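Asks: Here it is, the structure, as structure tokens.
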Amino acid sequence: MAAPKIDWSKIAQPEQLFSRFHGRRSVVYGTKGMVASAQPLANAAGIEILNKGGNAADAAVAVSAALNVTEPCSCGIGGDAFCLFYDAKTKQVKAMNGSGRAPRNLNIEYAKSRGFSTSIPLEDLNSVTVPGAAAAWLDTIELLGSGTVTVADIFSPAIRLAEEGHPVSELTSHSWQGSEGLIKCASTNGSEMLLDGRAPLPGEVIRLPNLAQTFRELVALGKDGFYKGRVAQAIVDLIQSKGGLMDLEDLSAHNTTFVEPIKYTYAKEVTVYECPPNGQGITALLALGVVESLQEQGLCRPLDEMEHNSTEYLHTLIEALRIAFADSQWYVADPEVEHVPVEELLGKQYLTERSKLFNSKKSNPDIVHGYPVNSSDTVYFTVTDQWGNACSYIQSNYAGFGTGAVPRGCGFTLQNRGSNFTLEEGHPNALKGGKRPYHTIIPALVTRNDELFLSYGVMGGFMQPQGHVQVLLNILRGYSVQAALDAPRFCISPGMPNSGTGSKEEAGDINSEVYFEDDIPEATVRALQDMGHDARVVKGFARGMLGRGQIIQKLESETGQIRWAAGSDPRADGHATPQI
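Each residue of the sequence shown is one higher than the one before, starting from 139 at the first, in the numbering used here.
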């Protein structure tokens, strides 16, 4: 019975593991700024702003806007965004919630009158919550930016990419092709997002002039350029033409919220920060808390004594995450509308009690949420700067292109995040007008003694907290930032956050399947099956369900010079780029 310990000598000099895993890449090092994303062109946008004197927040918005152009199959101005910002001067972490709310007149009664039983379908335009990304960008610049670069400077790279055209990357092309039919059918304006009426192939150049114009109006008019005027009217006209209830008042009332991040200190040494609910970041913190409690109580061996990705190691993490999801998928909701017992959920007493659900010999099929008061396609990227600041940023349309519906003349698709509401009365995440739904997209930051240690994230719906836990634990056992991403991962296949009251579904409302990358040995997968796990192997493009991560680590320096180490997921098209 012992608390987990971290061997910092292994972290300072990670074992060279680049020949162990598929997708051989080297760690990228730098001494000024650094950008790590899934798109090299977006990296270039961020580096351009860093070179103009912008800080990590300024550059993050430039990257975000560029990703809207280069990877619209995952994110855009029609979606939402969240970020965590580490301020090197104050050593404080700030959290931004850029998610939108349901139309104020939308309710469960109306949704059910349209024939919906458990949730709003992904393709129905009542699933469109107010897009929060545009306001999030401008608020990030105003409240977290350097003040040395203008909004026009920051959006200039994205506008050039949209107007002049850019070659489409391989994975983006694959996703675009898979959504071609949706884009054509969702609205009469789908041609704005297609190349000669079809999805672009890898390497083909596509121009998005209407998106460039939308960006120009945002630059010129501020938030009014999106939430009022031409763009807002186009959004409302499209949604109402399909039976949706969103109106101009819903758009004009939108606001970004800056909130206190939630955190958990693991092994008494590293503090992991996440955005609070309505985001699912608490899932990662709950899982880390359960893993730590298991070790402290002697219910499992110390993780550093287990072989990485062995049957024992994987079983421990899978069960800890299922326990975490059981709670988060019940309790996570909009805290402005529902009480979310964050402190109680992360309390030592509750984590100790929840860890008793763990069985070291077999999977527990009867995990449901507890009662602490009584006892997600996406893009993630991260930017650091020469002053030691870090911006951990994530944005999403929810399901690929979202609804696939394009407001006329605007050049972007609308998200479908409202599908994450449940239509069950009394559920914390029940649909209600003006409410934010359970949100899957989560950035992360890690500090040690209040100093920045990691800015990282793993995109991919409900994979995100699972990726946060797996990648962090990889680093804490001595893997480099690149090897931590290269290492094979697993993904519990979750359902939507709409588990019925008193239901006894596996891990609250998540399915029992666990997917493993084919790099994990067959014997290990079979052993997990023998323990009761519905273990399945994924190969090829299906490995995308394991998420795509980016990491920047601040290295210790005896001279005081800033040194960054960055890794980028081989499952994506991108890489890390240092500023010179």
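Ideal placement from N, C-alpha and C gives every residue a C-beta, glycine not left out. These numbers were taken from a predicted model, which means no experiment stands behind them.
Give the single residue among Ile279, Glu696 and Asp385 whose Cα lies nearest to the Cα of Ala240.
Replies: If we check each option's Cα against that of Ala240, Asp385 comes out closest.
Asks: Who are His577's beta bridge partners in DSSP?
Replies: The partner list for His577 (beta bridge, DSSP) reads Gly417.
Asks: Determine the direct distance from the alpha carbon of Leu693 to that of Tyr576, and round the result to whole angstroms.
Replies: Each residue's alpha carbon lies about 35 Å from the other.
Asks: Roughly how many angstroms lie between the CA atoms of Pro414 and Ser325, to the nearest whole one?
Replies: Each residue's alpha carbon lies about 35 Å from the other.
Asks: Quick one: what does DSSP say Lys719 is sitting in, helix, strand or coil?
Replies: No information on residue 719 is available, as it lies outside the stretch 139 to 718 that the chain covers here.
Asks: I need the DSSP call for His606, collapsed to helix, strand or coil.
Replies: Of the three classes helix, strand and coil, the one that applies to His606 here is helix, per DSSP.
Asks: Would you mind sorting Arg709 into buried or exposed? The rule is 16 or more other CB atoms within 10 Å of its CB.
Replies: So Arg709 ends up on the buried side.
Asks: So what's Asn558 in DSSP terms, helix, strand or just coil?
Replies: Here Asn558 sits in helix by DSSP.
Asks: For the candidate residues Val266, Leu484 and Phe496, whose alpha-carbon lies nearest to that of Leu455?
Replies: Nearest of Val266, Leu484 and Phe496 to Leu455, Cα basis: Phe496.
Asks: Under 9 Å, do Glu209 and Ala200 count as touching if we go by C-beta distance?
Replies: Their beta carbons are not under 9 Å apart, which means Glu209 does not touch Ala200 by this criterion.
Asks: Under 9 Å, do Gln524 and Leu188 count as touching if we go by C-beta distance?
Replies: Yes, the Cβ-Cβ distance between Gln524 and Leu188 is below 9 Å.
Asks: Rank Glu407, Glu302 and Ala219 by C-alpha distance to the C-alpha of Arg574 and give the top, closest one.
Replies: If we check each option's Cα against that of Arg574, Ala219 comes out closest.
Asks: If you compare alpha carbons, which of Asp145, Leu359, Arg162 and Ala422 is closest to Tyr402?
Replies: Nearest C-alpha to Tyr402: Ala422.
Asks: With a threshold of 6 Å on Cβ separation, who are the neighbours of Phe364 within its own chain once the five nearest residues in sequence on each side are excluded?
Replies: Here the set comprises Ala272 and Leu356.
Asks: Looking at the unbroken beta strand (DSSP E) that takes in Ser379, where does it start and where does it end?
Replies: Per DSSP, Ser379 belongs to no beta strand (DSSP E); it is in the alpha helix (DSSP H), Gly367 to Ser379.
Asks: Pick from Phe223, Ala528, Val343 and Glu660: whose alpha carbon is nearest that of Ile690?
Replies: Among Phe223, Ala528, Val343 and Glu660, the Cα nearest to that of Ile690 belongs to Ala528.
Asks: Run through DSSP, which three-state label would His446 get?
Replies: Of the three classes helix, strand and coil, the one that applies to His446 here is coil, per DSSP.
Asks: Compute the distance between the beta-carbons of Gly236 and Cys221, then report whether it is under 9 Å.
Replies: In contact: Gly236 and Cys221 (Cβ atoms closer than 9 Å).
Asks: Looking at the secondary structure, which residues open and close the beta strand (DSSP E) in which Pro716 lies?
Replies: His713 to Pro716 is the extent of the beta strand (DSSP E) around Pro716.
Asks: Name the DSSP beta bridge partners of Ala703, please?
Replies: Ala703 pairs with Tyr167 and Gln691.
Asks: Using a Cβ-Cβ cut-off of 6 Å (strictly less than) and excluding sequence neighbours within five positions of Ala704, which residues of its own chain qualify?
Replies: Within the same chain, Ala704 has close Cβ partners Val166, Met172, Ala174, Ile690 and Ala714.
Asks: Looking at the structure shown, is Gln524 part of a helix, part of a strand, or coil, going by DSSP?
Replies: Reduced to three states, the DSSP call for Gln524 is coil.
Asks: Measuring alpha carbon to alpha carbon, tell me which residue in Ile292, Ser431, Gly270 and Lys148 is nearest Pro142.
Replies: The candidate whose alpha carbon is nearest that of Pro142 is Ser431.
Asks: By the DSSP assignment, the alpha helix (DSSP H) with Glu247 in it spans what residues?
Replies: It spans Ile246 to Ser251 - the alpha helix (DSSP H) in which Glu247 sits, taken as one unbroken run.
Asks: Cβ atoms of Val596 and Asp711: under 9 Å apart, would you say?
Replies: Their beta carbons are not under 9 Å apart, which means Asp711 does not touch Val596 by this criterion.
Asks: Here's a check: name, in chain order, each residue in its chain whose Cβ is nearer than 8 Å to the Cβ of Glu398, leaving out the five neighbours to either side.
Replies: Taken in chain order, the residues that qualify are Ala233 and Pro414.
Asks: Tell me which same chain residues have a C-beta within less than 7 Å of the C-beta of Tyr653, skipping the five on either side of it?
Replies: Taken in chain order, the residues that qualify are Phe628, Cys629, Ser631, Arg674, Val676 and Met683.
Asks: Sorted by chain position, which residues of the same chain lie with C-beta nearer than 7 Å to Glu153's C-beta, five sequence neighbours on each side aside?
Replies: Hits under 7 Å: Gly616.
Asks: Starting from Gln207, trace the alpha helix (DSSP H) in both directions and tell me its first and last residue.
Replies: The question names Gln, but residue 207 in the sequence shown is Val. Here the alpha helix (DSSP H) through Val207 covers Ala194 to Thr208.
Asks: As a quick exercise: from Ile344, Ile373 and Asn558, pick the residue whose alpha carbon is nearest that of Gln467.
Replies: If we check each option's Cα against that of Gln467, Asn558 comes out closest.
Asks: In the DSSP assignment, what are the bridge partners of Leu222?
Replies: DSSP lists Ala233 and Ser530 as partners of Leu222.
Asks: Counting C-beta neighbours from all protein chains within 10 Å, is the total for Asn416 16 or more, i.e. buried, or is it exposed?
Replies: Counting Cβ neighbours within 10 Å, Asn416 comes out buried, since at least 16 surround it.
Asks: Report the option in Ala680, Ile580 and Gly599 whose CA atom is closest to the CA atom of Tyr411.
Replies: Minimum Cα distance to Tyr411 is reached at Ile580.
Asks: For Ser202, which residues of its own chain have a beta-carbon under 7 Å away from its beta-carbon, when the five flanking residues on both sides are left out?
Replies: The answer, listed in chain order, is Ala219, Trp275, Tyr531 and Gln533.
Asks: According to DSSP, simplified to helix, strand and coil, what is Phe628?
Replies: The answer is strand: DSSP assigns Phe628 an E or B state.
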